[in-house]
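Below: one structure, written as structure tokens.
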Amino acid sequence: MRVGGVNMLKSLKIKNFISFKNEIVIDFTKTNYTILPQNVNQENGILKGTMFVGGNGAGKSAIITALKLFMDLMFGVEEVGLEKYICFENNNPEFALEYTFIIGGSEIRYRLKYNRINEMISEKLVLDGKRILNREGATAISYFEDKEKVYEKNRVKKDGIFLRILDFAGALEYSDILKQWIVFLKNSTYINAAIGAGESFGSKKLDIYFNENGTDEINQFLERYGYDQRVSYTSKVDNQYQQIMAEDNVLFYNRVGNNFSVPFMLESLGNQNLIRILTDYLKVIREGGMLIIDEFSSGLHNELECLLVKHFMRESKNAQLCFVSHSTNLMSNSILRPDQIYTVDYILGEGSQVNRISSFQPRNSQNIEKMYNSGAFKGKPFYEEIVDEDK
Numbered sequence: 001m002r003v004g005g006v007n008m009l010k011s012l013k014i015k016n017f018i019s020f021k022n023e024i025v026i027d028f029t030k031t032n033y034t035i036l037p038q039n040v041n042q043e044n045g046i047l048k049g050t051m052f053v054g055g056n057g058a059g060k061s062a063i064i065t066a067l068k069l070f071m072d073l074m075f076g077v078e079e080v081g082l083e084k085y086i087c088f089e090n091n092n093p094e095f096a097l098e099y100t101f102i103i104g105g106s107e108i109r110y111r112l113k114y115n116r117i118n119e120m121i122s123e124k125l126v127l128d129g130k131r132i133l134n135r136e137g138a139t140a141i142s143y144f145e146d147k148e149k150v151y152e153k154n155r156v157k158k159d160g161i162f163l164r165i166l167d168f169a170g171a172l173e174y175s176d177i178l179k180q181w182i183v184f185l186k187n188s189t190y191i192n193a194a195i196g197a198g199e200s201f202g203s204k205k206l207d208i209y210f211n212e213n214g215t216d217e218i219n220q221f222l223e224r225y226g227y228d229q230r231v232s233y234t235s236k237v238d239n240q241y242q243q244i245m246a247e248d249n250v251l252f253y254n255r256v257g258n259n260f261s262v263p264f265m266l267e268s269l270g271n272q273n274l275i276r277i278l279t280d281y282l283k284v285i286r287e288g289g290m291l292i293i294d295e296f297s298s299g300l301h302n303e304l305e306c307l308l309v310k311h312f313m314r315e316s317k318n319a320q321l322c323f324v325s326h327s328t329n330l331m332s333n334s335i336l337r338p339d340q341i342y343t344v345d346y347i348l349g350e351g352s353q354v355n356r357i358s359s360f361q362p363r364n365s366q367n368i369e370k371m372y373n374s375g376a377f378k379g380k381p382f383y384e385e386i387v388d389e390d391k
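Under the numbering used here, residues 1 to 391 are what the sequence shown spells out, in order.
Below, the structure is given as structure tokens:
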């Protein structure tokens, strides 16, 4: 289902969460840079993608986790223990997350707090400046169509968010904007490319993608960009020297020009990750939503990463790509704008910190990757150099 209007995440606030001790703001709105206009949604000025880069253990994945956590709390099938997300840098018992969305021209702001001492969840939902939900512990009040409703305490779960209960009960359907928001969230997908794991938050499960969509969409993408392999989804293949049969349809890779197929599980990590990413990647471009990828660079050639990012920026209309990568070649003014890149540092005693490259005001003609590698934008790890004793 494609959502109506233009729907995107505008900003994310994080405080006392995992490695982030102090409050940080990830702003997804464009700045004054004019390069790569295709990377900006022209209707609302929100960027179509954001890259997080930095050393290992700096806190990049904590940002991705903050995005994923909201989806898990809304649509996940397992209970989420919130205590483990509280920052380990201090004795502050409470974390806070705030998500601001632009949905069909309206602004939705959802704020979540959790306190370890009293095990209390706080929620606030605001639509265009008007409060929709206020929840403090076991007390929840909604203000749908300006009508106040106090809910019985036994309906307010101690270990879950009340917004989820309202959604499941259909209580948000009175508002077209809120309905669009929920669809946008359900269309979103999280992928951890390092371990080949993914999670779709809507009703469609990824394991039935090929049953529902076949292989045409993916093969057309591969052919369009000259990738010399195709995929097939079948229970039987006749290779030149052997026949492979399975009880159910399985995925095979076929190299163009060769008369044999290779089972998906025998392919390289890179090829497996490519298909796992493409099933979600193409769906999000087509239907809208957020594609959230941790360790995007796992197993993919640098040029393939560049291709995927550039295609997303050009083709997406109602979608966003938020990803962590160690591929510094993506830090180019021909691929991403300076306002689309955040560097992440871990500072002893202060926790993780972020810096937006656009805040350093690099010129369009400057080499962003080279400047990053020299330490100009922070977020660059420096290690002891190995000295060749023979020299």
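No residue lacks a Cβ here, since even glycine has one placed at the ideal position from N, Cα and C. Predicted model, so just to flag it, every value in this text is computed and none were measured.
* **First through last residue of the alpha helix (DSSP H) which encompasses Ile368** => Position 368 of the sequence shown, counted from the first residue, corresponds to residue 368. It spans Ile368 to Asn373 - the alpha helix (DSSP H) in which Ile368 sits, taken as one unbroken run.
* For Met1, count neighbouring Cβ atoms within 10 angstroms of its own Cβ and tell me buried if that reaches 16, exposed if not. => Indexing the sequence shown from 1 puts residue 1 at position 1. Because Met1 sits at a pLDDT of 41, beneath the cut-off of 50, its placement in the model cannot be relied upon, and the following sentence gives the value as read from the coordinates. Result: exposed.
* Element boundaries [beta strand (DSSP E), containing Tyr174] -> Counting from 1 along the sequence shown, the entry for residue 174 is found at position 174. From DSSP, Tyr174 is part of no beta strand (DSSP E); its letter is neither H nor E.
* At what residue ranges does the stretch 210 to 286 contain a whole run of the beta strand (DSSP E), taking only runs of 3 or more? -> Listed in chain order, the complete beta strand (DSSP E) runs (minimum 3 residues) inside the stretch 210 to 286 are 229 to 238, 243 to 255 and 261 to 263.
* Look up Thr343 in the DSSP assignment and give the residues it is bridged to. => The residue given as residue 343 occupies position 343 in the sequence shown. Note: Thr343 sits in a beta bridge opposite Val53 and Asn355.
* Asked: When the Cα of His301 is compared with those of Gly214, His326, Met313 and Ile132, which residue comes out closest?
  -> By one-based count along the sequence shown, residue 301 stands at place 301. Residue His326 is the option with its Cα nearest to His301.
* Nearest-angstrom beta carbon gap, Thr343 and Val53 [assumed within contact, 8 angstroms] -> In the sequence shown, counting from the first residue as 1, residue 53 sits at position 53. In the sequence shown, counting from the first residue as 1, residue 343 sits at position 343. Contact holds; Cβ gap of about 6 angstroms.
* Assigned secondary structure, Gln320 (DSSP; H/G/I helix, E/B strand, else coil) -> Numbered from its first residue, the sequence shown carries residue 320 at position 320. Three-state result, Gln320: strand.
* Asked: Where do the ends of the beta strand (DSSP E) carrying Arg111 lie?
  -> Within the sequence shown, numbered from 1, the residue matching residue 111 stands at position 111. Arg111 -> beta strand (DSSP E) spans Ser106 to Asn115.
* To do: Could you spell out the range, first to last residue, of the beta strand (DSSP E) harbouring Asn7?
  => Position 7 of the sequence shown, counting from 1, holds the residue named residue 7. From DSSP, the beta strand (DSSP E) with Asn7 extends over Asn7 to Lys15.
* On the three-state DSSP scale, how would you describe Leu185? -> For the purposes of this step, residue 185 is identified with residue 185 of the sequence shown, where counting begins at 1. Helix, per DSSP.
* First and last residue of the alpha helix (DSSP H) that includes Ser61? -> Taking the sequence shown and counting its residues from 1, the one referred to as residue 61 is at position 61. Lys60 to Phe75 is the span of the alpha helix (DSSP H), which, as asked, contains Ser61.
* Asked: Out of curiosity, what's the CA-to-CA distance linking Glu212 and Lys283?
  -> Position 212 of the sequence shown, counted from the first residue, corresponds to residue 212. Position 283 of the sequence shown, counted from the first residue, corresponds to residue 283. Distance between the alpha carbons of Glu212 and Lys283: 12 angstroms.
* Less than 8 angstroms between the CB atoms is what I'm expecting for Asp167 and Met74, so what's the real figure, rounded? => Taking the first residue of the sequence shown as position 1, residue 167 is located at position 167. Taking the first residue of the sequence shown as position 1, residue 74 is located at position 74. About 7 angstroms separates the two Cβ atoms, so the contact holds.
* **the ligand ATP heavy atom lying under 7 angstroms from the CB of Leu266** => Absent from the structure shown: the ligand ATP. Ligands present: none.
* To do: Measure how close the beta-carbons of Arg116 and Glu83 come, nearest whole angstrom, since I'm counting them as under 8 angstroms.
  => Position 116 of the sequence shown, counting from 1, holds the residue named residue 116. Position 83 of the sequence shown, counting from 1, holds the residue named residue 83. At roughly 5 angstroms, the Cβ-Cβ gap stays under 8 angstroms, so Arg116 and Glu83 are in contact.
* Distance, Cα to Cα, Leu206 vs Val387? -> Here residue 206 is taken as the residue at index 206 of the sequence shown, counted from 1. Here residue 387 is taken as the residue at index 387 of the sequence shown, counted from 1. Summary for Leu206: the model assigns pLDDT 49, below 50, so the residue's position carries little reliability; its value from the coordinates is reported in the next sentence. Looking at the two C-alpha atoms, the distance is approximately 48 angstroms.
* **Under the three-state DSSP convention, the category Thr139 falls into** => Numbered from 1 along the sequence shown, position 139 holds the residue referred to as residue 139. Strand, per DSSP.
* How would you call Ile208, buried or exposed, if buried means at least 16 neighbouring beta carbons within 10 angstroms? -> Numbered from 1 along the sequence shown, position 208 holds the residue referred to as residue 208. Its Cβ having fewer than 16 others within 10 Å, Ile208 is exposed.
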